[in-house]
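Enquirer: Mind having a look at this structure? Questions to follow.
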Amino acid sequence: MQQVFKRPQSLKDVQTHFCPGCHHGTIHRLVADAMDLYGVQDRTIGVASVGCSVFLYGYFDIDVVEAPHGRAPAVATGVKRAKPESFVFTYQGDGDLAAIGTAEIIHAANRGEDITVVFVNNTTYGMTGGQMAPTTLVGQKTSTSPYGRDKSKDGSPIRMAELLAQLGGVAYSARVAVDSPKHVLEAKKVIREAFGYQVEGKGFSFVEVLSACPTNWGMNPLKANARVGEEMIPYFPLGVFKKEEA
Amino acid sequence: MGAVEAGCRYYFGYPITPQSDIPEYLSRELPGLNGEFIQAESEIGAINMLLGASATGARAMTSSSSPGISLKQEGISYMAGAELPGVIINISRSGPGLGGIDASQSDYFQCVKGGGHGGYHIPVLAPNSVQEMYDLTMHAFDLADLYRTPVMLLGDSVIGQMKEALVPNPRPVRELPAKGWEVRGKSGAEQRVVKSLFLGDGELEAHNWHLHAKYQVMKEKECISEEYETADARLIVAGFGSVSRIAHTAVTMARAEGMKVGLFRPVTLFPFPEKALAQAAGRAGKVLVVELNTGQMVEDVRLSVGAAAQVSFYGRPPGAGSLPSPEELLEVIRKNYEGTAR
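Here you go:
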């Protein structure tokens, strides 16, 4: 009998700590799949960020450097410049990348660092218990926006994939979701494409992945999954916003 | 120059007076040496680029001045926690806040007592000449690799802007341990992780005991100090960095007046040369600490000498016009010398 579906080689055979219905597991799998596709596992240095994603090294069978909160793109810059033959990616959440780490992501992108950034947007701070994030939707209730995000006081959610696409150093910027089989297949293709940009030395590549956080949204996994399509995608449209042909 | 000589090929920094000569020099030199120079978006960006480059095992550095060092403290703490080598040059300014760019030693506490969170220590070297800036920068890279720790060189605008003759020394070779911890892409071997998060039962305590043990070894082996005319001294003047140059002149003037005065200069501020100071102070019975601040290193002097000597202090807060002259220190020496005659 032929095995047609198996765990990617770049993923460890372990259980994750992620909550039921969380999309991190799916996204981890897609990232590992892309690493396997290009055969870069042995020369990959992953940069873990602060948040639920910090345990990257527990799930990916690769070398990993842990970065301070928000600083992963700066750490990845140092790694890649000192070791240009390595394949370097960061894996960051929305609080990490779009709030405390705004300067680091903007400038790493603008310098055109030859790295890939996987940005998981679940509209909340997962690890710290569901506080308002820079990507929290207007009206969304969180533990620090109990009356709903107020645009006049808290501003509007930031669309990072579109924002970064404006920068000269960015070669590839896209947004995907993993809430349906169709979207998962599209996400797989986009993540592969983004990694391919680095493999070919084409410059900075960025993939934003819309993700569910059932625990902090106070929803069951099915409802949380449905919310991605019903509430998030209308504000955070899917698509490739920049694709520089080198 | 010392950094380049020590094999440092990666520099990450952000402009700030009075240390911009360092990035300007390295931005010219490193590209030709197959190195990398990045003018980072911030001090925070720079220290984290250093963290990343160091994690690959490369010799790398950053430099800044007091307010910029405040921003770097986060990264320094992470590097200390993850045991990453790296050199940080601090040509300090006066403060608090934006303060001024005058010679100042008001960041002794910040640099020597940790500065960032988590109760770590890093070696802090305090050169007092251009030659020492060069020599100690090379020494800093060796210490960083030997102990897997960030190392700081602490100067100020007097040291940082000084023009003096420099002899490019042949570098003393120090035996360094093989790395083996650096990330490299696992290449079919075991996964390597550079991190400072330890959540397992007892893990973090064990890690901190390990760091603590390392600090004890540094205290035992890495203290550096310099003494001038201390053998028969009845009063020891103690000062580090730029003020030690002024104090040196004042001590020479005091000797010319017949006063038995000597100078003790800690070169390493962490580890603090406690034993050497205690010995010199015990012989003299009295120590006068001079600093370009209102009293910081004096606390370590008191802890070092205990009851063996009487400790007094002279210092002025930094700022334009507050740098003491040799004559001013001589007057202070005269006052402190009274009553020491036996």
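Chains as they are written, first to last, in the numbering used here: chain V, 261 to 506; chain Z, -8 to 333. Quick reminder that beta carbons are idealized off the backbone N, C-alpha and C, glycines included.
Counting only C-beta atoms, is alanine 336(V) closer than 8 Å to chain Z at any point?
Expert: Residue 336(V) sits at position 76 when you count from the first residue of the first sequence. Yes, its Cβ sits closer than 8 Å to a Cβ of chain Z.
Enquirer: Report yes if the CB atom of leucine 283(Z) is closer than 8 Å to the CB atom of glutamine 96(Z), and no otherwise.
Expert: Here residue 283(Z) refers to the residue found at position 292 when the second sequence is read from its first residue. Here residue 96(Z) refers to the residue found at position 105 when the second sequence is read from its first residue. Going by C-beta atoms, leucine 283(Z) is nearer than 8 Å to glutamine 96(Z).
Enquirer: Buried or exposed: which applies to lysine 170(Z), given that a residue is buried once 16 or more other Cβ atoms fall within 10 Å of its Cβ?
Expert: Reading the second sequence from its first residue, position 179 is the one you call residue 170(Z). Lysine 170(Z) should be labelled exposed.
Enquirer: Is any beta-carbon of chain Z found at less than 8 Å from that of proline 280(V)?
Expert: Position 20 of the first sequence, counting from 1, holds the residue named residue 280(V). It does not; no Cβ of chain Z falls within 8 Å.
Enquirer: If you check the beta carbons only, do isoleucine 150(Z) and serine 233(Z) fall under 8 Å apart?
Expert: Within the second sequence, residue 150(Z) is the residue found at index 159, counting from 1. Within the second sequence, residue 233(Z) is the residue found at index 242, counting from 1. Closer than 8 Å, so yes.
Enquirer: For phenylalanine 466(V), which residues of its own chain have a beta-carbon under 6 Å away from its beta-carbon, when the five flanking residues on both sides are left out?
Expert: Taking the first residue of the first sequence as 1, we reach residue 466(V) at position 206. Val377, Leu424 and Ser433, listed in sequence order.
Enquirer: Which word fits aspartate 12(Z), buried or exposed, when buried means at least 16 other C-beta atoms lie within 10 angstroms of its C-beta?
Expert: The count along the second sequence starts at 1 and reaches residue 12(Z) at position 21. It counts as exposed.
Enquirer: Do the CB positions of leucine 75(Z) and leucine 116(Z) come within less than 8 Å of each other?
Expert: Taking the first residue of the second sequence as 1, we reach residue 75(Z) at position 84. Taking the first residue of the second sequence as 1, we reach residue 116(Z) at position 125. It is not a contact, given that the beta carbons lie outside the stated cut-off.
Enquirer: Considering only the beta carbon of each residue, do glycine 114(Z) and leucine 89(Z) sit closer than 8 Å?
Expert: The residue given as residue 114(Z) occupies position 123 in the second sequence. The residue given as residue 89(Z) occupies position 98 in the second sequence. One point to set straight first is that residue 114(Z) is proline, not glycine, in the sequence displayed. Cβ atoms of proline 114(Z) and leucine 89(Z): not closer than 8 Å.
Enquirer: Assign leucine 320(Z) to buried or exposed, taking buried as 16 or more other Cβ atoms, counted over all protein chains shown, within 10 Å of its Cβ.
Expert: For the purposes of this step, residue 320(Z) is identified with residue 329 of the second sequence, where counting begins at 1. Buried, by the Cβ-count rule.
Enquirer: What are the residues in the stretch 182 to 195 of chain Z lying within 8 Å of chain V by C-beta distance?
Expert: So the list reads Gln182, Arg183, Val184, Val185, Lys186, Ser187 and Leu188, given in the order they occur along the chain.
Enquirer: Serine 85(Z) and glycine 310(Z): beta carbons closer than 8 Å?
Expert: The sequence position of residue 85(Z) within the second sequence is 94, counting from 1. The sequence position of residue 310(Z) within the second sequence is 319, counting from 1. A contact, by the Cβ cut-off of 8 Å.
Enquirer: Taking Cβ positions, are leucine 254(Z) and serine 295(Z) nearer each other than 8 Å?
Expert: Against the second sequence, residue 254(Z) aligns to sequence position 263. Against the second sequence, residue 295(Z) aligns to sequence position 304. Cβ atoms of leucine 254(Z) and serine 295(Z): not closer than 8 Å.
Enquirer: Quick one: what's got a C-beta closer than 8 Å to glutamate 155(Z)'s C-beta in the same chain, skipping five residues either side?
Expert: Residue numbering aside, residue 155(Z) sits at position 164 when the second sequence is read from its first letter. Hits under 8 Å: Ser120, Val121 and Gln122.
Enquirer: Which partner residues of proline 141(Z) appear in the DSSP bridge assignment?
Expert: As a working note, residue 141(Z) is residue 150 in the second sequence. Beta-bridge pairing links proline 141(Z) to Gly77(Z).
Enquirer: What does the alpha-carbon distance come out to for the pair serine 471(V) and phenylalanine 501(V)?
Expert: For the purposes of this step, residue 471(V) is taken as residue 211 along the first sequence, with counting starting at 1. For the purposes of this step, residue 501(V) is taken as residue 241 along the first sequence, with counting starting at 1. Roughly 19 Å separates the two Cα atoms.
Enquirer: Please list the terminal residues of the continuous alpha helix (DSSP H) segment that includes alanine 37(Z).
Expert: For the purposes of this step, residue 37(Z) is identified with residue 46 of the second sequence, where counting begins at 1. Run containing alanine 37(Z): 34 to 46, per the alpha helix (DSSP H) assignment.
Enquirer: What span of residues does the alpha helix (DSSP H) with asparagine 485(V) cover, start to end?
Expert: Here residue 485(V) is taken as the residue at index 225 of the first sequence, counted from 1. 481 to 487 is the extent of the alpha helix (DSSP H) around asparagine 485(V).
Enquirer: Checking the sheet assignment: what are the DSSP bridge partners for glutamine 301(Z)?
Expert: Position 310 of the second sequence holds residue 301(Z). Answer is Lys277(Z).
Enquirer: Is glycine 361(V) closer than 8 Å to alanine 332(V) when the C-beta atoms are compared?
Expert: Walking along the first sequence from the start, residue 332(V) turns up at place 72. Walking along the first sequence from the start, residue 361(V) turns up at place 101. For alanine 332(V) and glycine 361(V), yes; Cβs fall inside 8 Å.
Enquirer: In chain B, which residues lie less than 9 Å from glycine 176(Z) when you measure between Cβ atoms?
Expert: In the structure shown, chain B cannot be found, because the protein chains are V and Z.
Enquirer: Where in the stretch 161 to 236 of chain Z do unbroken runs of the alpha helix (DSSP H), each at least 4 residues long, occur, reported from the N-terminal end onward?
Expert: List check, alpha helix (DSSP H) in window: 194 to 212.
Enquirer: Verify the CB distance criterion: does phenylalanine 132(Z) have a CB-CB separation below 8 Å to chain V?
Expert: Here residue 132(Z) refers to the residue found at position 141 of the second sequence. Chain V, which has no Cβ nearer than 8 Å to the Cβ of phenylalanine 132(Z), makes this no.
Enquirer: Does the beta-carbon distance from serine 403(V) to glutamine 352(V) come in below 8 Å?
Expert: As a first step, residue 403(V) is located in the first sequence; it is residue number 143 there, counting from the start. As a first step, residue 352(V) is located in the first sequence; it is residue number 92 there, counting from the start. Going by C-beta atoms, serine 403(V) is not nearer than 8 Å to glutamine 352(V).
Enquirer: Does the stretch 400 to 417 of chain V come close enough to the stretch 438 to 449 of chain V that 3 or more CB-CB pairs lie under 8 Å?
Expert: Output reads no: the stretch 400 to 417 of chain V does not touch the stretch 438 to 449 of chain V.
Enquirer: Determine which residues share a DSSP beta bridge with isoleucine 305(V) and list them.
Expert: What you label residue 305(V) is simply residue 45 of the first sequence in a count that begins at 1. DSSP output for isoleucine 305(V) lists Asp323(V) and Val348(V) as bridge partner(s).
Enquirer: Along chain V, which residues have their Cβ under 8 Å away from the Cβ of isoleucine 29(Z)?
Expert: Counting from one through the second sequence, the residue named residue 29(Z) turns up at place 38. The answer, in chain order, is Thr337, Arg341 and Arg371.
Enquirer: Can you say whether phenylalanine 347(V) is buried or exposed, counting buried as having 16 or more other CB atoms within 10 angstroms of its CB?
Expert: Along the first sequence, read from residue 1 onward, the residue named residue 347(V) stands at position 87. Flag for phenylalanine 347(V) reads buried.
Enquirer: Give me the Cα-Cα distance between proline 315(Z) and arginine 236(Z), rounded to the nearest whole angstrom.
Expert: Looking up residue 315(Z) in the second sequence gives position 324. Looking up residue 236(Z) in the second sequence gives position 245. About 11 Å.
Enquirer: Runs of 4 residues minimum, wholly inside the stretch 420 to 504 of chain V: which ones carry the alpha helix (DSSP H) assignment?
Expert: Counting only runs of 4 or more, we get 420 to 425, 441 to 459, 474 to 477 and 481 to 487.
Enquirer: Using only the alpha-carbon positions, how far apart do methionine -8(Z) and glycine 338(V) sit?
Expert: Reading the second sequence from its first residue, position 1 is the one you call residue -8(Z). Reading the first sequence from its first residue, position 78 is the one you call residue 338(V). Methionine -8(Z) and glycine 338(V): Cα-Cα distance of roughly 21 Å.
Enquirer: Starting from leucine 260(Z), follow the beta strand (DSSP E) in both directions and report where the run begins and ends.
Expert: To locate residue 260(Z), count along the second sequence from 1; it is residue 269. Counting along the chain, the beta strand (DSSP E) containing leucine 260(Z) begins and ends at 259 to 261.
Enquirer: Using a cut-off of 8 Å between C-beta atoms, extract the partners of phenylalanine 40(Z) located in chain V.
Expert: As a first step, residue 40(Z) is located in the second sequence; it is residue number 49 there, counting from the start. Checking the displayed sequence, the identity of residue 40(Z) turns out to be methionine instead of phenylalanine. Correct list: Ala334, Val335, Thr337, Gly338 and Arg341.
Enquirer: Residues of chain V with CB under 7 Å from isoleucine 35(Z), in chain order?
Expert: For this step, residue 35(Z) is matched to residue 44 along the second sequence. Here the neighbours are Arg331.
Enquirer: Flag alanine 327(V) as yes if its beta-carbon sits less than 8 Å from any beta-carbon of chain Z, otherwise no.
Expert: What you label residue 327(V) is simply residue 67 of the first sequence in a count that begins at 1. Interface residue, yes.
Enquirer: Taking Cβ-Cβ distances below 8 Å as the criterion, which residues of the stretch 308 to 322 of chain V are in contact with chain Z?
Expert: Residues Ala308, Val314, Tyr317, Asp321 and Ile322.
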